[in-house]
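Residue numbering for the sequence shown follows the numbering used here, beginning at 400 and increasing consecutively.
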Amino acid sequence: MFQKVYNSIKKFFYLKILKKKYYRLGSCKGCGKCCENIYVNHGKKGFIKSEEEFNRLKFFHSFYRGLELIGSDELGLLFKCKHLDPITRKCKIHFYRPPICRNYPMEEIFKMGGILAPECGYKLKPIESFDEILNKLSK
């Protein structure tokens, strides 16, 4: 009985207060894949699209100075983190890592069509099942 009430409160909190759609489950396995092939979403402007924009952002925000430009595609520029140790696959600034790293994975990954690396220890599980959403819509 207690577990059912707890789950209902947790679900309400995530959906209504935090405005989340997924529970983040699991833990980091230290594969380092999240530090490679990164798109950076810069506020309402979306993904960084040009080197000029990236250089401007590096001047104003220290976070961007930790990124190395490795390419681009139709979505925008692709980066890798300079703080990933290539041998140990561990973060060299783990204690001081920025919020984007502390909060990985964020559900925005799925909203943009992204996926987690198969090696990743994290999973994002929908808070509401397909059947629950379908029932709400059919009422």
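Backbone N, C-alpha and C fix where the C-beta goes; we use that ideal spot for every residue, glycine too. Predicted model, so just to flag it, every value in this text is computed and none were measured.
Tell me where the beta strand (DSSP E) around residue 427 begins and ends. Your numbering for residue 427 matches position 28 in the sequence shown. Run containing residue 427: none; DSSP gives neither H nor E here.
Between 493, 423, 456 and 518, which has its C-alpha nearest residue 506's C-alpha? The sequence position of residue 506 within the sequence shown is 107, counting from 1. Measuring from the Cα of residue 506, the nearest candidate turns out to be 423.
DSSP-derived helix/strand/coil call for residue 470: One-based indexing of the sequence shown puts residue 470 at position 71. Note: residue 470 maps to strand in three-state DSSP.
From residue 427 to residue 520, what distance separates their C-alpha atoms? Position 28 of the sequence shown, counted from the first residue, corresponds to residue 427. Position 121 of the sequence shown, counted from the first residue, corresponds to residue 520. Distance between the alpha carbons of residue 427 and residue 520: 5 Å.
Close-in-space but distant-in-sequence residues of the same chain around residue 414 (CB under 8 Å, 5 per side omitted): Counted from its first residue, the sequence shown places residue 414 at position 15. Around residue 414: 420, 526 and 527.
Endpoints, the beta strand (DSSP E) within which residue 478 is located: Taking the first residue of the sequence shown as position 1, residue 478 is located at position 79. From DSSP, the beta strand (DSSP E) with residue 478 extends over 476-480.
Could you check what DSSP says for residue 521 in three-state terms: helix, strand or coil? The sequence position of residue 521 within the sequence shown is 122, counting from 1. Strand at residue 521.
Residue 483: which of 477, 476 and 491 sits nearest, CA to CA? Within the sequence shown, numbered from 1, the residue matching residue 483 stands at position 84. Minimum Cα distance to residue 483 is reached at 491.
Residue 502 by DSSP, collapsed to three states: which one? Indexing the sequence shown from 1 puts residue 502 at position 103. If DSSP states are grouped into helix, strand and coil, residue 502 belongs with coil.
Whose C-beta lies closer than 7 Å to the C-beta of residue 469 among residues of the same chain, with five residues either side of it excluded? Numbered from 1 along the sequence shown, position 70 holds the residue referred to as residue 469. Hits under 7 Å: 477, 478 and 479.
Simplified DSSP state of residue 483, which is helix, strand or coil: Numbered from its first residue, the sequence shown carries residue 483 at position 84. Of the three classes helix, strand and coil, the one that applies to residue 483 here is strand, per DSSP.
Is it buried or exposed for residue 466, if we count other Cβ within 10 angstroms and need 16 for buried? Taking the sequence shown and counting its residues from 1, the one referred to as residue 466 is at position 67. The residue is buried, with at least 16 neighbouring Cβ atoms inside 10 Å.
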